[in-house]
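Trainee: When the count follows the numbering used here, it moves up by one through the sequence shown with no breaks and lands on 893 for the last residue.
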Amino acid sequence: MNNKTHIFLVIVLALNTLRYGTYLMEGDTHLYYIIMFLVNLIAVLFVIISRWNRKKSETDSSMSESR
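(1) Is residue 853 helix, strand or coil when you go by DSSP?
(2) So is residue 858 buried or exposed if we call it buried at 16+ other beta carbons inside 10 Å?
(3) Near residue 843, what residues of its chain come up, given a Cβ to Cβ distance below 7 Å and the 5 sequence neighbours on each side ignored?
(4) By how many angstroms is the C-alpha of residue 854 removed from the C-alpha of residue 832?
(5) Put residue 879 into one of helix, strand or coil per three-state DSSP.
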């Protein structure tokens with residue numbers, strides 16, 4: 827996934843997470859909003875962690891190549 831796609835995905839997921847989070851904070855506790863909030867939150871965490879792991883592996887491989 828290139829950098830622009832990653833940034834776009836994080837922005838869309840963050841906006842959706844905020845949207846469903848505001849529904850929950852307003853007191854609208856339908857099961858749909860709870861599930862969508864959790865799914866979006868998990869997706870945001872997954873994208874951030876996968877990007878972090880990819881950067882870490884690229885850094886590790888570049889360091890081993892320089893030796």
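The C-beta atom is built at its ideal place from N, Cα and C for all residues, glycine as well. Keep in mind that this is a model prediction, so the values were computed, not measured.
Mentor: Inspection of the coordinates gives the following:
(1) Locating residue 853 in the sequence shown gives position 27, where the first residue counts as 1. Reduced to three states, the DSSP call for residue 853 is coil.
(2) Numbered from its first residue, the sequence shown carries residue 858 at position 32. So residue 858 ends up on the exposed side.
(3) For this step, residue 843 is matched to residue 17 along the sequence shown. So the qualifying residues of the chain are 863, 866, 867, 870.
(4) Along the sequence shown, one-based indexing puts residue 832 at 6. Along the sequence shown, one-based indexing puts residue 854 at 28. Those two C-alpha atoms are separated by around 31 Å.
(5) The residue given as residue 879 occupies position 53 in the sequence shown. If DSSP states are grouped into helix, strand and coil, residue 879 belongs with the helices.
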